[in-house]
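Peer 1:
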Amino acid sequence: MLGWSEDTTRKPGSVVRESKPKNTNTQEPSRLGFSLEHTAAKNAINFNSFNGSILWKKCKSSVAQSGDECCKRSWVFYQSPLDESITIGRVAEILTDETMHIIVIEEFQIAPNRDAFFELPYVYRRQGEESCIIVLSQNILFRQNVQHDCRKSKCEGTGVRARQQERQESNRIIQFIEHKSDDHFLINLYAFHNAHLVRRILPRGLTAPSLFFPDRINQHDKVAEGLRVKLTRRKDEIQRRCTEKRKQQANDGIGGAKRSRAN
Numbered sequence: 001m002l003g004w005s006e007d008t009t010r011k012p013g014s015v016v017r018e019s020k021p022k023n024t025n026t027q028e029p030s031r032l033g034f035s036l037e038h039t040a041a042k043n044a045i046n047f048n049s050f051n052g053s054i055l056w057k058k059c060k061s062s063v064a065q066s067g068d069e070c071c072k073r074s075w076v077f078y079q080s081p082l083d084e085s086i087t088i089g090r091v092a093e094i095l096t097d098e099t100m101h102i103i104v105i106e107e108f109q110i111a112p113n114r115d116a117f118f119e120l121p122y123v124y125r126r127q128g129e130e131s132c133i134i135v136l137s138q139n140i141l142f143r144q145n146v147q148h149d150c151r152k153s154k155c156e157g158t159g160v161r162a163r164q165q166e167r168q169e170s171n172r173i174i175q176f177i178e179h180k181s182d183d184h185f186l187i188n189l190y191a192f193h194n195a196h197l198v199r200r201i202l203p204r205g206l207t208a209p210s211l212f213f214p215d216r217i218n219q220h221d222k223v224a225e226g227l228r229v230k231l232t233r234r235k236d237e238i239q240r241r242c243t244e245k246r247k248q249q250a251n252d253g254i255g256g257a258k259r260s261r262a263n
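The sequence shown finishes on residue 263 if you use my numbering, and the numbering steps up by one all the way, no holes.
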């Protein structure tokens, strides 16, 4: 129908293949596919659950159940294929064999308590070891904003690189922060995107607002008392100025009357 465009919304679980390099007429091995042992899935804890002889092709992105586009290194909540629990991880690779789409995810553990400084929930690698798991693309729930905890890792702005200008490196050098550790991250609850979804999954103790003052009523009473003293002083000052002004006006009126009679 004129004026209507086709619905191009991608279905949850669908993937986008990596584009073919330009100016290539030969079949590169990367276009033919990879076995799982030649991908990030080689160390997955459920590696043996998949056929090792199948060739998989790398993908650019996948669509979560929420409609979010998830790419490599995106942080996502997913349903574990081992015990069907919901947890968080970072996308390491997206693969497809045309009939099945899988995502290799780096495993992280959600801490039971919030970070004492930022008051945010955080994730960490179990025993500091890297591990990954293979998840079906349709079991990715949504993408989550996660930030590196530079304070705990004591990261510094020691990195230098050339500034990109018109897709080329310029002569200008800029500094950037180099992360010293890849094991500790903060779940950013201050982000608006998927704020309702993350609060449905995380325990209430990790997302509940923390009290700025333990005794709110007592703090309100202190503030109210201070305001009453301040307002009383201001009222007395205004009253004093009004009294002085009336006296000044009265004196000016008497002086003016005397001068008129003298004339």
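In this text, a Cβ means the ideal position worked out from N, Cα and C, and glycines have one as well.
Taking all protein chains shown into account, do 16 or more other C-beta atoms lie within 10 angstroms of the C-beta of G157, making it buried, or fewer, making it exposed?
Peer 2: Taking the sequence shown and counting its residues from 1, the one referred to as residue 157 is at position 157. Classification of G157: exposed, given that the 10 Å Cβ count is below 16.
Peer 1: If we ignore side chains and look at the alpha-carbon of each, how far apart do T8 and Q165 end up?
Peer 2: By one-based count along the sequence shown, residue 8 stands at place 8. By one-based count along the sequence shown, residue 165 stands at place 165. The C-alpha of T8 lies about 33 Å from the C-alpha of Q165.
Peer 1: Give every residue of the same chain whose Cβ lies closer than 6 Å to the Cβ of R216, excluding the five residues on either side of it in the sequence, and list them in chain order.
Peer 2: Residue numbering aside, residue 216 sits at position 216 when the sequence shown is read from its first letter. Correct list: empty, nothing qualifies.
Peer 1: Inspect the CB distances between the segment 188-201 and the segment 133-150 and report whether three or more fall short of 8 Å.
Peer 2: Three or more Cβ pairs drawn from the segment 188-201 and the segment 133-150 lie within less than 8 Å of each other, which places the two stretches in contact.
Peer 1: Within its chain, find whatever has a CB closer than 6 Å to the CB of L227; leave out the 5 residues flanking it on each side and keep chain order.
Peer 2: Taking the first residue of the sequence shown as 1, we reach residue 227 at position 227. Excluding sequence neighbours, L227 sits near nothing in its chain.
Peer 1: Do you know offhand how far R199's Cα is from D149's?
Peer 2: Position 199 of the sequence shown, counted from the start, is the residue given in the question as residue 199. Position 149 of the sequence shown, counted from the start, is the residue given in the question as residue 149. Each residue's Cα considered, the two are about 21 Å apart.
Peer 1: Among I103, E84, D83 and E98, whose alpha-carbon lies nearest the alpha-carbon of R90?
Peer 2: Position 90 of the sequence shown, counted from the start, is the residue given in the question as residue 90. Selected option, being the one with the closest Cα: I103.
Peer 1: On the premise that A44 lies in contact with E93, defined as a C-beta separation below 8 Å, what is that separation, rounded to the nearest angstrom?
Peer 2: Taking the first residue of the sequence shown as 1, we reach residue 93 at position 93. Taking the first residue of the sequence shown as 1, we reach residue 44 at position 44. Incorrect: roughly 10 Å between the Cβ atoms, too far for contact.
Peer 1: My understanding is that C155 touches H179, with C-beta atoms under 8 Å, so please give their C-beta distance in whole angstroms.
Peer 2: Within the sequence shown, the letter at position 155 stands for residue 155. Within the sequence shown, the letter at position 179 stands for residue 179. Rounded, the Cβ-Cβ distance is 5 Å, consistent with contact.
Peer 1: Is it right to say I101 is buried, meaning 16 or more other beta carbons lie within 10 angstroms of its own, or is it exposed?
Peer 2: The sequence position of residue 101 within the sequence shown is 101, counting from 1. With the sequence shown as reference, residue 101 is identified as His, and Ile is not the correct amino acid for it. So H101 ends up on the buried side.
Peer 1: Let me make sure I understand the geometry here. Which of S137, K245, L211 and A162 has the alpha-carbon closest to that of Y78?
Peer 2: Indexing the sequence shown from 1 puts residue 78 at position 78. When each option's Cα is compared against that of Y78, the closest is S137.
Peer 1: What number of angstroms, rounded off, separates the C-alpha of S131 from the C-alpha of L189?
Peer 2: For the purposes of this step, residue 131 is identified with residue 131 of the sequence shown, where counting begins at 1. For the purposes of this step, residue 189 is identified with residue 189 of the sequence shown, where counting begins at 1. So the alpha carbons of these two residues sit roughly 25 Å apart.
Peer 1: Just to check my reading of the structure: I187 and N46 have Cβ atoms closer than 8 Å, yes? What is that Cβ distance to the nearest angstrom?
Peer 2: Along the sequence shown, one-based indexing puts residue 187 at 187. Along the sequence shown, one-based indexing puts residue 46 at 46. About 25 Å separates the two Cβ atoms, so there is no contact after all.
Peer 1: I'd like to confirm the pairing. Which residues does DSSP put opposite P121 in its beta bridges?
Peer 2: Along the sequence shown, read from residue 1 onward, the residue named residue 121 stands at position 121. Per DSSP, R114.
Peer 1: Give the straight-line distance between the Cα atoms of K230 and C242, rounded to the nearest whole angstrom.
Peer 2: In the sequence shown, counting from the first residue as 1, residue 230 sits at position 230. In the sequence shown, counting from the first residue as 1, residue 242 sits at position 242. The straight-line gap from Cα to Cα measures roughly 19 Å.
Peer 1: What beta strand (DSSP E) runs, 3 residues minimum, are completely inside the segment 63-97?
Peer 2: 69-71, 75-79 and 86-96
Peer 1: Quick one: measure Cβ to Cβ for I177 and V123, integer angstroms, because I've assumed they're closer than 8 Å.
Peer 2: Position 177 of the sequence shown, counted from the first residue, corresponds to residue 177. Position 123 of the sequence shown, counted from the first residue, corresponds to residue 123. In fact, because the Cβ distance is near 20 Å, the residues do not count as touching under 8 Å.
Peer 1: Taking C-beta to C-beta, are C70 and S62 nearer than 7 Å?
Peer 2: By one-based count along the sequence shown, residue 70 stands at place 70. By one-based count along the sequence shown, residue 62 stands at place 62. Yes; because the gap between Cβ atoms is below 7 Å, this pair is in contact.
Peer 1: To test your reading of the DSSP string, which unbroken alpha helix (DSSP H) runs of 4 or more residues are found completely within the segment 141-207?
Peer 2: 150-153, 195-201 and 204-207
Peer 1: Taking only beta-carbon atoms, is K180 less than 7 Å away from chain D?
Peer 2: Among the chains in the structure shown there is no chain D, since it carries only a single protein chain.
Peer 1: Which residues in the same chain as E18 place their Cβ atom closer than 7 Å to its Cβ, once the five residues preceding and following it in sequence are excluded?
Peer 2: Here the question's residue 18 lines up with position 18 in the sequence shown. Only K58, C59 and K60 meet the Cβ criterion.
Peer 1: Given this structure, state the Cα-to-Cα distance separating L212 from R204, to the nearest angstrom.
Peer 2: Here residue 212 refers to the residue found at position 212 of the sequence shown. Here residue 204 refers to the residue found at position 204 of the sequence shown. Checking the sequence shown, residue 212 turns out to be Phe, not Leu. Distance from the CA of F212 to the CA of R204, rounded to the nearest whole angstrom, comes to 18 Å.
Peer 1: Below 7 Å between beta carbons: does that hold for S201 and I86?
Peer 2: Within the sequence shown, residue 201 is the residue found at index 201, counting from 1. Within the sequence shown, residue 86 is the residue found at index 86, counting from 1. Checking the displayed sequence, the identity of residue 201 turns out to be Ile instead of Ser. Yes.
Peer 1: List the DSSP bridge partners of Q109.
Peer 2: Taking the sequence shown and counting its residues from 1, the one referred to as residue 109 is at position 109. Bridge partners of Q109 according to DSSP: Y124.
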